[in-house]
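Before any comments, here is the structure.
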Amino acid sequence: MKNLNTKGNRLIQVKNGVIGPVEPRPVAIRERSPEDYPDLPKVYLEVAEMWGPRFGGPPLCDQYVAVLKHLLTEEEAGIVRHLKGARAGKKAKEIAEAEHRTTEEVGHIMDVLADETGR
Numbered sequence: 004m005k006n007l008n009t010k011g012n013r014l015i016q017v018k019n020g021v022i023g024p025v026e027p028r029p030v031a032i033r034e035r036s037p038e039d040y041p042d043l044p045k046v047y048l049e050v051a052e053m054w055g056p057r058f059g060g061p062p063l064c065d066q067y068v069a070v071l072k073h074l075l076t077e078e079e080a081g082i083v084r085h086l087k088g089a090r091a092g093k094k095a096k097e098i099a100e101a102e103h104r105t106t107e108e109v110g111h112i113m114d115v116l117a118d119e120t121g122r
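This note's numbering applies: residue 4 is where the sequence shown begins, and numbers increase by one.
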């Protein structure tokens, strides 16, 4: 029987007598600008910038936008964009005014976000 397991599809390797995972293949990420997403709601772009490379996050690209859209609804992204850092100290009332929502709506969305993150 012929072994079809070639170097390109192995999941583990033996290097200097140590078994471990193979090095991941480099992935070419095409960085984009906000203008490349004319149909994307602005709140997602603001969250992407807030969590972007300046703060240790990934660059704006198709994959990053897809992850943000998977993680956050448009309502949640609207709330999250106001939570810039632990020291922001914004109250739900201030966020509600900025988002043109009631304090109860903002509180409910924040509760949902807290439940999703396990806190």
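The beta-carbon is built from N, C-alpha and C at its ideal position, and this holds for glycine as well.
Looking only at DSSP bridge pairs, what is V124 linked to?
Because the chain spans 4 through 122 in this model, residue 124 falls outside it and cannot be assessed.
Whole-angstrom Cβ separation of P62 and E34, contact assumed at under 8 Å?
In the sequence shown, residue 62 corresponds to position 59, counting from 1. In the sequence shown, residue 34 corresponds to position 31, counting from 1. Correct: roughly 5 Å between the Cβ atoms.
Between C64 and chain B, is there a C-beta pair that is closer than 7 Å?
In the displayed structure, chain B is absent; only one protein chain is listed.
Just reading off the alpha helix (DSSP H) that D65 is part of, what are its end residues?
Indexing the sequence shown from 1 puts residue 65 at position 62. Taken as a continuous stretch (DSSP letters only), the alpha helix (DSSP H) holding D65 covers D65 to L74.
Measuring alpha carbon to alpha carbon, tell me which residue in E77, I15 and G20 is nearest D42.
For the purposes of this step, residue 42 is taken as residue 39 along the sequence shown, with counting starting at 1. When each option's Cα is compared against that of D42, the closest is E77.
Tell me which same chain residues have a C-beta within less than 8 Å of the C-beta of V50, skipping the five on either side of it?
Position 47 of the sequence shown, counted from the start, is the residue given in the question as residue 50. Same-chain partners within the cutoff: L71, L75, A80, V83 and R84.
Around the C-beta of I15, are 16 or more other C-beta atoms found within 10 angstroms, so that it is buried, or is it exposed?
Here residue 15 corresponds to residue number 12 of the sequence shown, with the count starting at 1. When all chains shown are included, I15 counts as exposed.
Can you give the beta carbon distance from V93 to L86, rounded, assuming they're within the 8 Å contact cut?
Counting from one through the sequence shown, the residue named residue 93 turns up at place 90. Counting from one through the sequence shown, the residue named residue 86 turns up at place 83. Note that residue 93 is Lys in the sequence shown here, rather than Val. Sure, about 7 Å apart at Cβ, within 8 Å.
For a test of the three-state rule: what should DSSP assign to H103, helix, strand or coil?
On the sequence shown, residue 103 is found 100 positions in, with the first residue counted as 1. Coil at H103, not helix or strand.
How long is the line joining the alpha carbons of I112 and K45, rounded to whole angstroms?
For the purposes of this step, residue 112 is taken as the residue at position 109 of the sequence shown. For the purposes of this step, residue 45 is taken as the residue at position 42 of the sequence shown. Approximately 18 Å, taken between the alpha carbons.
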